[in-house]
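Single-structure report; data block below.
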Amino acid sequence: MRQDKPELRNLSEPVRFKRALALLLMTLVLPGSAQIVAGSKKAGRYAWRVIAGLVAIVVFLVLLSLVWRSGTINLIVSPTTLRIVQVLLILLAVGWAALFVDAYRLGRPLTLERNHRLTASILDGVLVVLVMTVLIWSSTIVSAQRDFVASVFGNGEKSKADKGRYNVLLLGGDSGANRIGVRPDSLTLASIDAETGRTVLIGLPRNMAKVPFPAGTEMAKQFPNGFEWDGCGHDCYLNGVYTWAMGHKQHFPGVKEPGLVATQQAVEGLTGLKVNYYVLIDIAGFQHLLDAVGGITVDVGKKVPIGGIGGPIKGYIKPGKDQHLDGYHAMWFARSRAGASDYERMTRQKCVMTAMLNQLSPQKVLTKFQGIASASKEVVQTNIPSGELGTFTDLALDSKKLPVSSFSPVPPLIKTGDPDFELIRAKVAEAVGKSEALDKGSDDGDGKKSGTPSSVSPTKKPSTPGKTPSKPSTDVDDVAQVCKA
Numbered sequence: 001m002r003q004d005k006p007e008l009r010n011l012s013e014p015v016r017f018k019r020a021l022a023l024l025l026m027t028l029v030l031p032g033s034a035q036i037v038a039g040s041k042k043a044g045r046y047a048w049r050v051i052a053g054l055v056a057i058v059v060f061l062v063l064l065s066l067v068w069r070s071g072t073i074n075l076i077v078s079p080t081t082l083r084i085v086q087v088l089l090i091l092l093a094v095g096w097a098a099l100f101v102d103a104y105r106l107g108r109p110l111t112l113e114r115n116h117r118l119t120a121s122i123l124d125g126v127l128v129v130l131v132m133t134v135l136i137w138s139s140t141i142v143s144a145q146r147d148f149v150a151s152v153f154g155n156g157e158k159s160k161a162d163k164g165r166y167n168v169l170l171l172g173g174d175s176g177a178n179r180i181g182v183r184p185d186s187l188t189l190a191s192i193d194a195e196t197g198r199t200v201l202i203g204l205p206r207n208m209a210k211v212p213f214p215a216g217t218e219m220a221k222q223f224p225n226g227f228e229w230d231g232c233g234h235d236c237y238l239n240g241v242y243t244w245a246m247g248h249k250q251h252f253p254g255v256k257e258p259g260l261v262a263t264q265q266a267v268e269g270l271t272g273l274k275v276n277y278y279v280l281i282d283i284a285g286f287q288h289l290l291d292a293v294g295g296i297t298v299d300v301g302k303k304v305p306i307g308g309i310g311g312p313i314k315g316y317i318k319p320g321k322d323q324h325l326d327g328y329h330a331m332w333f334a335r336s337r338a339g340a341s342d343y344e345r346m347t348r349q350k351c352v353m354t355a356m357l358n359q360l361s362p363q364k365v366l367t368k369f370q371g372i373a374s375a376s377k378e379v380v381q382t383n384i385p386s387g388e389l390g391t392f393t394d395l396a397l398d399s400k401k402l403p404v405s406s407f408s409p410v411p412p413l414i415k416t417g418d419p420d421f422e423l424i425r426a427k428v429a430e431a432v433g434k435s436e437a438l439d440k441g442s443d444d445g446d447g448k449k450s451g452t453p454s455s456v457s458p459t460k461k462p463s464t465p466g467k468t469p470s471k472p473s474t475d476v477d478d479v480a481q482v483c484k485a
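With full-length UniProt numbering, letter number 9 in the sequence shown gets 9, and the count goes up by one each step, no holes.
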C-alpha cells in the first residue's frame, strides 16, 4: 500500500480537508495543476500542453478573423473542422473528468473525517458532471451545426459577385396539401453589395405577366416573346414559371429542380440583374423557424386576418406598435392576403425579413442554435455552397449596421398585366445606384459600379409610426422607415 508523504501525515485533518478541496478547484480553474503540485508532473505538463495548444488555436482564429472574417467563418463551419471539434470536445470531457478523479485521489479522502470525505466526494462528483455536461452539450451543438450545413448547404458551384454585388433570390413557397409543388407566392431579390453588405430588397409581384427571359436560356427558347401563351390566364404569371418548368422537365436534362432554374431566369430577365443564388423557404413551415428564434417584433398598422382566401378567417393580428409575434402569428402577418392587396403583403414580407435581420443577434443564434438548425432543415432549401457561408455571414453582420432600402415594380408605376420591362430594369438599376452612392461618395470617378449619378440620394418616405402601408412605394424606400421594426 502506498504510504502518505511525511508532510501529509503531519498535517491536521482540517488542513488536509482544505487541501483536498483546493486540488479539486485547481483542476476546475487550470486542469493539470493539481497533478503538478501533488501528483504526476508528467501528466500535469501534458494537460498544460493541450490547454496551451487550444488557447493558441483560439488566439490564431481571433487574429485571423480580424483580417479575414469570412475565411475564418468558412474554416470554422467546414464539416471536416466541425467533426474534429466534436471529437475533440468529447475527448476533453473524458480527459478533464479523469483529472478530477485523480485530483480527488490526491486529496487522500480516506484520511478525512466522514463528513469532510462526503463533502469532497460530492464536490468531485458535481464538478465531473458539470464539466462533462457542458462539453458533451457543446459537442451536440457542433454536431447539429455540421448536420445543418450538410443538410441545407451543399457543394454547389460558387457564383462570383456580378458588378460588385451578390443577388440572392428569396422565394416563399407554399407546399399545402391542395397544391402541386411549391409554387412561389413570395419573390424578393436581395441585391447585396459585396464589400459593404448594404442591401436593396426588390419585391417582385407574383402576378407579373409576360415575363421575359435572358437570351440563350432554355426558357427564352420556349418563350421568345415572354412567358405567355393562348388562354394561359393566371398560369402565365411570374409565380407560374416554377410550375411550368417542373411540368416540362424534358427541357432541363440533368437538372433536379428546373422550376428554380426557370424562376431565376425569369427574375434575371425582369430585373436585369444576375441571380447568384436562391433561398427557398416553405411558408407553411416558416413558423417553426420563427419560433426557434423566439419570434419577432414589428409594428402592425391595421388588423391582419389569420386565414381566409379559400378558408375561414380564424382570427386577427391586432394592430399596435412593437407587437411581438410568435412563429404562427408572424407567418400569417407575412402570408395573409384576405382583405389586402398583393402589394401590401409584399411590404409586410419585407418587414419580416428586415426584423429577422436586425433582431437575430449572434448570441441568440448560439443559444437557440439546435432549434434553428432543426427548423431550417425542414423549411429552407438553397444552392448557396457551404464554402460561401463565411462570405454571407460576414455580409449579414455588416448589413445589420446599415439601413436596408427597397423597391417594388408595382402600380401605378408598373401595370403588372402589361409591364414596361425597360422601365422596371431602369428603376432597379436606379435603386441599386442610390444604395451604392451612400458608400461611394459623389465623385463619379471613385469607381462607382452603377451608371446612376451618385449625387442622387435615396428617397426616404417616413410613415406614421405603427402603420403598415397599403402598398410599397415605387421609389426607393428605407425599409426601417416603412416597417419601424
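Built from N, CA and C at the ideal position, the CB exists for glycine as well.
Can you tell me the Cβ-Cβ gap for residue 200 and residue 406, rounded? I've got them flagged as a contact below 8 Å.
Contact between residue 200 and residue 406 is confirmed by a C-beta separation of about 7 Å, below the 8 Å threshold.
Could you pull out every unbroken alpha helix (DSSP H) segment of at least 4 residues lying fully inside the segment 312-341, listed in chain order?
Taken in chain order, the complete alpha helix (DSSP H) segments of 4 or more residues contained in the segment 312-341 are 327-335.
DSSP three-state call for residue 223: helix, strand or coil?
coil
Assuming residue 423 is part of the alpha helix (DSSP H), what are its boundary residues?
421-440
Could you tell me whether the Cβ atoms of residue 373 and residue 86 are closer together than 9 Å?
no
List the endpoints of the continuous beta strand (DSSP E) containing residue 216.
For residue 216, there is no enclosing beta strand (DSSP E), as DSSP marks it with neither H nor E.
Quick check on the burial criterion: 16 or more other C-beta atoms within 10 angstroms. Buried or exposed for residue 40?
Classification for residue 40: exposed.
Sorted by chain position, which residues of the same chain lie with C-beta nearer than 7 Å to residue 309's C-beta, five sequence neighbours on each side aside?
Cβ within range, chain order: 337, 338.
I'd like to know if the segment 129-144 and the segment 78-98 are in contact, where contact means that at least 3 CB-CB pairs between them fall below 8 Å.
yes
Going by beta carbon distance, what residues of the same chain come within less than 6 Å of residue 69, once the five residues before and after it are set aside?
If we look at residue 69 and ignore the five residues flanking it on each side, its Cβ neighbours are 394.
When we look at the beta-carbon of residue 334 and count the other beta-carbons within 10 Å, is it buried (16 or more) or exposed?
buried
Count the other CB atoms, across all protein chains shown, that sit within 10 Å of the CB of residue 283; report buried if there are 16 or more and exposed otherwise.
buried
Decide if residue 225 is buried, meaning its Cβ has at least 16 other Cβ atoms within 10 Å, or exposed.
exposed
May I ask you to report which of helix, strand or coil DSSP gives residue 53?
helix
Closest residue to residue 238 among 223, 215, 25 (Cα-Cα distance):
223
Relative to the alpha-carbon of residue 166, which residue among 231, 403, 274 has its alpha-carbon at the smallest distance?
274
What residue does the beta strand (DSSP E) around residue 99 start on, and which one ends it?
Boundaries around residue 99 are those of the alpha helix (DSSP H), 79-106, since no beta strand (DSSP E) includes it.
Using 9 Å as the threshold, is the C-beta distance between residue 402 and residue 188 below it?
no
Among 306, 311, 258, 115, which one has its Cα closest to the Cα of residue 318?
306
Looking at the secondary structure, which residues open and close the alpha helix (DSSP H) in which residue 199 lies?
From DSSP, residue 199 is part of no alpha helix (DSSP H) but of the beta strand (DSSP E) over 199-204.
Residue 19 bridges to which residues according to DSSP?
None; residue 19 has no bridge partner.
Whether residue 377 touches residue 147 by CB criterion (9 Å)
yes
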